[in-house]
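Reviewing the structure listed below.
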Amino acid sequence: MASSEENEMYSKKQWEGCMEIAVQTARTAGQVIREAFKHEKEVSTKSSPVDLVTETDRLVEDLIISSLREKYPSHRFIGEESSAAGEKCLLTDSPTWIIDPIDGTCNFIHSFPMVAVSIGFAVNKELEFGVIYHCLDENLYTARKGHGAFCNGIQLQVSKETDMSKALILTEIGAKRDPATLKIFSGNMERLLKAQVHGIRVIGSATLALCQVASGAADAYYQFGLHCWDIAAAAVIIREAGGNVIDTSGGPLDLMSRRIVAAGTVEMAHYIAQEIQTITYERDDHNAN
Amino acid sequence: MSDVWEECMDHGVAAARKAGEVVREALKNEGCMSVMLKSSPADLVTETDQKVESMIISSIKEKFPTHSFIGEESVAAGESSILTDNPTWIIDPIDGTTNFVHRFPFVAVSIGFAVKKELEFGVVYSCMEDKMYTARKGRGAFCNGVQLKVSGQEDITKSLIITELGSNRNPDTVRRVLANMDRLLCVPVHGIRAVGTAAVNMCLVATGGADAYYEIGIHCWDMAAAAVIVTEAGGVVMDVTGGPFDLMSRRLITASSRAIGERIAKELQAFPCERDDGKKEDQL
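From first to last, the protein sequence lines are chains A and B. Position in the first sequence counted from 1, then plus 41, gives you this note's numbering. Position in the second sequence counted from 1, then plus 4, gives you this note's numbering.
Here is the structure:
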């Protein structure tokens, strides 16, 4: 395993090269998904009857990981489908790719047009860059730490809104659908509506929703139940667009915690964190020692 | 066979496209838009809404001076929203004004057309995506020239449903809206989506990308055009009770199949909403 010193020795050019490869890989994967979008999909379930997966998810993840592994044999990988197959979600100091091959699998199955490939990258447990590719609109969101965030080459800037009563908020439901969970979920929405937010939207893809925050089109996003592979790339993109990502408790973001609040301003992020009650999901690193 | 309303529909499409350009131009302008409130702090309107509606209505009046109009902003300014037998254009200049204000990319111009109280054609232009949805009664539904077909899904437990939270912030109404959503999530359905515009939501059902949309609290100008688009794509429109669709009722279910529509109706509890035509329950 590479030591911290060795990792430091990698020049910044190295990560830039990795990011270029990530972009190419995301585009190729996106094309596969676009093709598959038009056809019948074979659907299986994972943790619940609404936690869906298809052959395309697995195919695309294999494609991404094998092409990255060929170029970077010493790097590590955390991928949604590998994790479902039993691989541990352990983030070490090693350069690590954190991959969601299809974010918005339910949308993909229904041909609801919000589907993305998400590729994040961490070194020494720090998120270094993120690539999110909207497969149908062909919008490419990218950010490298310290170098700004972009969509199709145009720089992104978050909203500067601090007033909850002027906020447009995005969220997702998550895979748990038992009555107790839904009560908390609705209760959270009720509290936000009581604060007179402009509206709440649900688009079915956490990574694309987070990109809407990065672009300033939404003022905040909150969710319980998403994974590290949904957060990794988007966190860099939002930070580089000037925004904030925090834990739902108000503390610092915890990549493996299954929860997030993201917003253009720190005030907005904290208002939302204060309003929402927790829905507990098992941590992504629950089986990592 | 020639279509007596073809000229009107062509004009509707052209007007929607032009309106979409105006909306896109307005979005390019840096800085905040001037936003006003209507019925609640979440019911927004801008100068662009008003400008676009004037533009659409005056261009139609020039060509079809005897026709009637029901437009969102005209009605807000006191015009009637009663549907007569006269050829009537039913217009929402910007469906998704909240999205427009935030630059959230789902904003549509919606132009419906009715004669003898029957909907004849519908045009919905999702202008940020440049998607032109059209349908002429009996001639199919299209998006940018590609024919649309609903999903045909009949099994609610495999369905993706769209709805909205609405702009009514009355706590009791909010609770009822959320309770309806919870009941559907518990069925369980695959998921619920909300993109922020009724017209686009309905068009997504028409494309097969979602299996149903329902909402209580929308207006005739939100539903008129898209109702034709969904039905011409093979879908159904009905009342939230499962009964026949009523354009002035402030509510609907639109679905890929009668089975899904009726199943949703079973879970929904309606709440009262003042009708667009001002009629009371006992006058129906």
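From the three backbone atoms N, C-alpha and C, an ideal C-beta is built for every residue, glycine too.
Nearest chain B C-beta to residue i closer than 8 Å, yes or no?
i, result
"R242 of chain A", "yes"
"F153 of chain A", "yes"
"Q55 of chain A", "no"
"C147 of chain A", "yes"
"Q318 of chain A", "no"
"L223 of chain A", "yes"
Using a C-beta cutoff of 8 Å, does residue i count as contacting chain A?
i, result
"I196 of chain B", "yes"
"T102 of chain B", "yes"
"R179 of chain B", "yes"
"A289 of chain B", "Beyond the ends of chain B as shown, which are 5 and 288, falls residue 289 of chain B; an answer cannot be given."
Determine the chain A residues that contact residue i at a beta-carbon separation under 7 Å, and present them in chain order.
i, result
"R173 of chain B", "L234 and Q237"
Using C-beta distances below 6 Å, list every residue in its chain close to residue i, excluding the 5 sequence neighbours before and after it, in chain order.
i, result
"V127 of chain B", "G16, V17, A20, I115, T138 and A229"
"I320 of chain A", "T222, I225 and F265"
"V307 of chain A", "N285"
"M252 of chain B", "C224, R279, D280 and D281"
"A314 of chain A", "T289, G291 and V302"
"N328 of chain A", "K129"
"N184 of chain B", "L272"
"T248 of chain A", "D144, A157, S159, I173, D271 and A275"
"G246 of chain B", "E266 and A269"
"R143 of chain B", "none"
"E281 of chain A", "A184, G189 and A190"
Which residues in chain B have a C-beta closer than 9 Å to the C-beta of residue i? List them in chain order.
i, result
"G284 of chain A", "The premise fails here: G284 of chain A is roughly 15 Å from chain B at the closest Cβ pair, so nothing lies under 9 Å."
"P220 of chain A", "D186 and C190"
"G257 of chain A", "H106 and R107"
Residues of chain B with CB under 8 Å from residue i, in chain order?
i, result
"M338 of chain A", "Residue 338 of chain A lies beyond the residue range present for chain A, which begins at 42 and ends at 330; the question has no answer from this structure."
"N227 of chain A", "Per the sequence shown, the amino acid found at residue 227 of chain A is Ser instead of Asn. Simply L182, A183, M185 and D186."
Name the chain A residues whose beta carbon is nearer than 9 Å to that of residue i?
i, result
"L164 of chain B", "C147, N148, I150, H151, F153 and G245"
Which chain B residues sit within Cβ distance under 7 Å of residue i?
i, result
"Q253 of chain A", "F108"
Excluding the five sequence neighbours on either side, which residues of its own chain have a C-beta within less than 7 Å of the C-beta of residue i, listed in chain order?
i, result
"G239 of chain B", "V154, V209, A210, T258, A259 and S260"
"K270 of chain B", "none"
"V91 of chain A", "A216 and R218"
"L93 of chain A", "V84, T86, T146, C147 and I150"
"T212 of chain A", "I241, V243, Y262, Y263 and Q264"
"Y312 of chain A", "M205"
"K135 of chain B", "C147 and N148"
"F275 of chain B", "T177, R180 and I220"
If I measure Cβ to Cβ from residue i and keep anything under 8 Å in the same chain, skipping five residues before and after, which residues do I get?
i, result
"S72 of chain B", "T88, N90, P91, T92 and W93"
"T70 of chain B", "N90 and P91"
"I98 of chain B", "V27, T50, T52, D53, V56, F104, V111, A112 and V113"
"E167 of chain A", "K186"
"P232 of chain B", "According to the sequence as given, residue 232 of chain B is Val; it is not Pro. Answer for V232 of chain B: G116, L123, E124, F125, G126, A139, R140, K141 and A145, listed in chain order."
"G245 of chain A", "G145, C147, N148, F153, M155 and E213"
"L177 of chain A", "R75, F78, P154, M155 and V156"
"W56 of chain A", "F162, V164, E169, F170 and R185"
"R68 of chain A", "Y174 and L181"
Exercise for review: Would you list, in chain order, the members of the stretch 192-218 of chain A that have their beta-carbon closer than 7 Å to a beta-carbon of chain B?
Suggested key: S206, L209, I214 and R218
Point to revise | Three CB pairs or more closer than 8 Å across the stretch 58-66 of chain B and the stretch 254-269 of chain A | key: no
Exercise for review: Closer than 8 Å, Cβ to Cβ, to anything on chain A: give me those residues from the stretch 195-227 of chain B, in chain order.
Suggested key: Taking 8 Å as the Cβ-Cβ cut-off against chain A, the residues of the stretch 195-227 of chain B that qualify are G195, I196, R197, A198, V199, G200, L208, T211, G212, G213, A214 and D215.
Exercise for review: Please name the residues in the stretch 144-155 of chain B whose beta-carbon is closer than 8 Å to at least one beta-carbon of chain A, in chain order.
Suggested key: S155
Check your understanding: At a Cβ cut of 9 Å, what residues of the stretch 88-108 of chain A count as close to chain B, listed as they run along the chain?
Key -> S89, P90, V91 and L93
Exercise for review: Identify each residue in the stretch 105-132 of chain B for which the Cβ-Cβ distance to at least one residue of chain A is less than 7 Å, and report them in chain order.
Suggested key: H106, R107, F108 and P109
Review point. For the stretch 293-301 of chain A against the stretch 269-278 of chain A, are there 3 or more C-beta pairs whose distance is under 8 Å?
Key: yes
Review point. Touching or not, the stretch 78-91 of chain B and the stretch 203-214 of chain B, by the rule of three or more beta carbon pairs under 8 Å?
Key: The stretch 78-91 of chain B is not in contact with the stretch 203-214 of chain B.
Practice item. Tell me, please, whether the stretch 105-117 of chain A touches the stretch 134-143 of chain A by the rule of three or more beta-carbon pairs shorter than 8 Å. Key: yes
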